[in-house]
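Take the sequence shown: its letters are residues 253 to 1161, numbered as in this note's numbering.
Heads up, the beta-carbon is just placed ideally off N, CA and C, and yes, glycines get one too.
Computed from a predicted structure; not experimentally measured.
For reference, the structure is listed below as structure tokens.
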Amino acid sequence: MTTDKQRTPYHAISVADALAAMGVSAEGLSAQEAERRLEHYGFNCLPEPPKRSALVRFLSQFNNILIYVLVASAVVTAALQHWVDTGVILAVVLVNAVIGFIQEGRAEQAMEAIRGMLAPRSAVLRDGRRCSEDADQLVPGDIVLVEAGDRVPADLRLIEARGLNVDEAILTGESVPVEKTTEPVLPEAALGDRSSMLFSGTLVTAGTARGLVVATGGSTQIGRISGMLSTVEMLTTPLVHQMDIFARWLTIFILLIASTLLVYGYFVGHLPFSELFMAVVGLSVAAIPEGLPAVLTVTLSVGVQAMARRNAIVRRLPAIETLGSVSVICSDKTGTLTRNEMMVAALAASGHVYSVAGEGYAPKGAVRLREAEVHPPEHVVLMEFARAAALCNDAMLHNVQDGWRVEGDPMEGALLVLAGKITGDGAEPFRGWIRTDAIPFDAAHRYMAVLHHDHEGHASIYVKGAPEAVLAMCTNQRALDNGIAPLTPGYWHDMVERLAAEGQRVIAVAVREVAQDHTVLNTSDLDGQMTLIGLIGLIDPPRAEAVEAVAACHGAGIRVKMITGDHAATARAIAAQIGLKNAENVLTGSDIETMDDAVLAEVAVSTDVFARTSPRHKLRLVTALQSRGLTVAMTGDGVNDAPALKRADAGIAMGRKGSEAAKEAAELVLADDNFASIVAAVREGRTVYDNIKKVISWTLPTSAGEAMTIIVALFAGLALPITAVQILWINLITAVTLGLALAFEPSESGTMRRPPRPRDEPLLTGGLIWHIILISMLFLVAVFGIYAYATSRSYPPALAQTMAMNTLVVLEIFHLFFIRNIYSTSLTWAAVRGTPIVWGCVITVTVAQFAITYLPVFQAAFGTQSVSLQDGMLTVAVGVVFFMLIETEKQMRLAFRRPAPGEGSQARD
């Protein structure tokens, strides 16, 4: 019979038979058995998608229009027997391919590391206790607990379900969530009709459930469907794509100019074809920024890893660019601005207010009344508080090496700690009571209710939730002597305001005793039939680092807005503690309901504290702020926050308490749920954008300057101040070093004191175009000036060209130090000191230039001659003058554009 049941699909057999077929009880597997099954079944993850081999990835780097041009040029130069030129061209091609190959490999590694940091976790029963495990550690036979917002980690046979609805669109295409139950269905039922099953990858939209893992990894339904395999997300963004297109069109433009020069020089200038062809090749290599897309991608990759080190994990690369222009951060309160370590601070009973001491989640601490410590068993109402707090609760306390830790909701953990403090029973008070039914908490009704029985014939319903919701279902209240008295709503409403004004989160608890045979809990058992026990005030102190981070945001011109579901008075108190502007002005969800979109857009800009809001209100607030031209970052953790996260310019999900739905809708995930990490991410986003701007601002002018020396010489009929093979050398050595060094630049000192950049600001601004023109002209004057100086002193052409080549490299080095500080002076000790990467690159280039200038083997290959010390110092002096000129021009620009006092520290209203 067991064999028949095992052959029958799990969705068609009863819960008891499914447990028996898996060889497991409702208490779950033991840790030892789970480990044995993991060895047998393997990890719960989809098979890795096929990856391109290293050889294929390397060969793909040659699929580039510039590479085609260079390879063709190498063939022609080889035919002309210019072997050195051929070798240098092929070296340029090879170096470009190696850079691309390395950065692509690092991009894949970065994304793999991010996937590891985002690995989902699941609540599972092991040895009869609830614990949290990585989803890939699940094995057939595990008992998994899921709730609204969770992504199902494996194929589960339901053994318990309450109000469960699941979105199965990725499997069935059905857009409407389906209701799930524990009842078996027909063996031949279609996938979408298997209501007793939860499938891996689907999303729980409502309710709670327990399920038996019956398939993991490739054996799940999603594992059997080809095309569901994930692929490596390459590090690319619209910016990189845009620059790639720009580079291609620039390549075509340069090739047209090169062709024109080739025709002009041959037919009009009557230059030898081989010499002319090499000059045109040098022009093409000099003018085309072939390494720019690769360097931009490396810059983004460095930014991704820097953010990950600051606990901000980038899921979608465009978010890095967006963060640089964020002007408003809409943040949740609990766990983000506060510590998310709830602690009960006060108990308000009828006529008395008790204070509760303690630290963290340790179930130890005194209960006091009027500053005097009380003995809880002598106060009946305290034991009633403890029973309600412990039984109407889904959390668990664990005493681990680094202290007490909560498994589950932090608020419920604090209530469990309260029960332990009152009873003295540690982490598991009232173990003799058994839950027979429950109504899970839902944002729609804002309470949780449980029905419990003990072995002495007692049965009670306990309710906890928002004071408004619980008071509405009560007609009586518990007196201090455990008697019953009529409810006095005015007293309790005043008490709610008093506790909330002290920054406490207030919940109410109520009780109703029922008959022993009452085993099913309905909402009709609650309305008007509950007895209020009292109010519980919980505190969640602000994070010290969040206070500093909010101040940093204000200094950066970023407005911080707190959007919470808490009571208005609680929100006001916390807002004042963390330093939000206009903390006294609180807008509630009911206020938002009465406003149309136009009014809300106007009010939302000036208001910084929003209380008693729903996820729908979050979405309206984001839209309202965006309608005023603001770039909005929004934090969220619940499944209902997903629309607002998707709508925001930068959606930020919580990594610890966030649902899988929120993480998938967001561009960033905070590994530590800390507001300070958001600010760190904004700083890194601005730094990445600045570094991209620096890379472009260094690459385009230097490329233009190199090209102009050849273009002017050919059109003017002058001798080339730098030979084509020397131009190829400069591109080979500087592209690998100087341009790439800017990708690793740290944040400039004033990064978080500047106002946010406009969201539509282009990278190729008028200022950058002017900079390209200025630098290329100065390059032209300096190179031709040194060449003219050398020829005027009757130096050999090879020596004059060597000096001109070294001058060009010196100018590029000085330009690098100039461009490292685009918002402030470069004439500071910190700027001169640089970074190890910058100096490593400069030293590499300098050593390479000494080698090509003084070593005979390179002199023969590149047509160079040794430069005297005096002429070498002259070359450096030209670089110093060049630096002083461009630095003076920058200071003039900064002086004219210097913001007025206070500008940049105010929010953009």
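Rounded C-beta distance between residue i and residue j? I'm assuming under 8 Å.
| i | j | result |
| --- | --- | --- |
| residue 928 | residue 801 | 4 Å |
| residue 404 | residue 398 | 6 Å |
| residue 205 | residue 1087 | No answer is possible for residue 205: the residues shown for the chain start at 253 and end at 1161. |
| residue 788 | residue 605 | Their Cβ separation, rounded to whole angstroms, is 11 Å, which puts residue 788 and residue 605 out of contact at 8 Å. |
| residue 904 | residue 920 | 5 Å |
| residue 1065 | residue 1094 | 6 Å |
| residue 227 | residue 790 | Since the first and last residues shown for the chain are 253 and 1161, residue 227 lies out of range. |
| residue 913 | residue 275 | Wrong, their Cβ atoms sit about 33 Å apart, outside the cutoff. |
| residue 612 | residue 593 | 6 Å |
| residue 415 | residue 458 | 6 Å |
| residue 513 | residue 532 | 6 Å |
| residue 1038 | residue 1130 | 6 Å |
To the nearest angstrom, report how far apart residue i and residue j are at their CA atoms.
| i | j | result |
| --- | --- | --- |
| residue 649 | residue 643 | 14 Å |
| residue 1057 | residue 1132 | 16 Å |
| residue 663 | residue 603 | 25 Å |
| residue 406 | residue 281 | 16 Å |
| residue 799 | residue 669 | 27 Å |
| residue 989 | residue 1114 | 20 Å |
| residue 1222 | residue 347 | The requested residue 1222 does not occur in the structure, where the chain is confined to residues 253 to 1161. |
| residue 1028 | residue 1134 | 12 Å |
| residue 886 | residue 867 | 12 Å |
| residue 511 | residue 535 | 11 Å |
| residue 480 | residue 297 | A caution first: residue 480 carries a pLDDT of 39, below 50, which makes its placement in the model unreliable, though a value can still be read off. The alpha-carbon atoms of residue 480 and residue 297 are separated by roughly 12 Å. |
| residue 889 | residue 456 | 14 Å |
| residue 551 | residue 720 | 52 Å |
| residue 1121 | residue 1099 | 16 Å |
| residue 506 | residue 467 | 59 Å |
| residue 898 | residue 701 | 33 Å |
For residue i, count neighbouring Cβ atoms within 10 angstroms of its own Cβ and tell me buried if that reaches 16, exposed if not.
| i | result |
| --- | --- |
| residue 953 | buried |
| residue 723 | buried |
| residue 1001 | exposed |
| residue 796 | exposed |
| residue 436 | buried |
| residue 583 | buried |
| residue 529 | buried |
| residue 1144 | exposed |
| residue 1023 | buried |
| residue 714 | buried |
| residue 741 | exposed |
| residue 615 | buried |
| residue 729 | buried |
| residue 478 | Because the pLDDT of residue 478 is 44, which lies under 50, any placement of that residue in the model is unreliable, and the number read from its coordinates should be weighed accordingly. So residue 478 ends up on the exposed side. |
| residue 508 | exposed |
| residue 902 | buried |
| residue 894 | buried |
| residue 681 | buried |
| residue 686 | exposed |
Could you spell out where the alpha helix (DSSP H) holding residue i opens and where it closes?
| i | result |
| --- | --- |
| residue 729 | Not the alpha helix (DSSP H): residue 729 falls in the beta strand (DSSP E), residues 726 to 730. |
| residue 440 | Note, residue 440: premise wrong, no alpha helix (DSSP H); not H, not E. |
| residue 744 | 741 to 753 |
| residue 663 | 662 to 675 |
| residue 941 | 927 to 968 |
| residue 457 | Note, residue 457: premise wrong, no alpha helix (DSSP H); beta strand (DSSP E) at 455 to 467. |
| residue 274 | 267 to 274 |
| residue 862 | First-last for residue 862: 861 to 863, but that is the beta strand (DSSP E), not the alpha helix (DSSP H). |
| residue 415 | Element bounds for residue 415: not the alpha helix (DSSP H) but the beta strand (DSSP E), 407 to 419. |
| residue 873 | 867 to 878 |
| residue 1000 | Counting along the chain, residue 1000 falls outside any alpha helix (DSSP H), and DSSP gives it neither H nor E. |
Any heavy atom of the ligand NAP closer than 7 Å to the Cβ of residue i?
| i | result |
| --- | --- |
| residue 591 | You won't find the ligand NAP in this model; it holds no ligand whatsoever. |
Looking at the unbroken beta strand (DSSP E) that takes in residue i, where does it start and where does it end?
| i | result |
| --- | --- |
| residue 766 | Element bounds for residue 766: n/a, residue is neither H nor E. |
| residue 717 | 711 to 717 |
Closer than 8 Å is the cut-off here; do at least three beta carbon pairs connect the stretch 829 to 847 with the stretch 757 to 764?
no
Does the contact criterion of 3 or more C-beta pairs under 8 Å hold for the stretch 688 to 697 versus the stretch 744 to 753?
no
Across the stretch 444 to 460 and the stretch 257 to 267, are there enough close Cβ pairs to call them in contact, namely three or more that are closer than 8 Å?
yes
Quick test of the definition: if touching needs 3 or more C-beta pairs under 8 Å, does the stretch 557 to 577 touch the stretch 704 to 711?
no
Taking 8 Å as the threshold, find out whether the stretch 825 to 832 comes into contact with the stretch 853 to 869 through three or more Cβ pairs.
yes
For the stretch 672 to 686 and the stretch 632 to 642, state whether three or more C-beta atom pairs, one from each stretch, are separated by less than 8 Å.
yes
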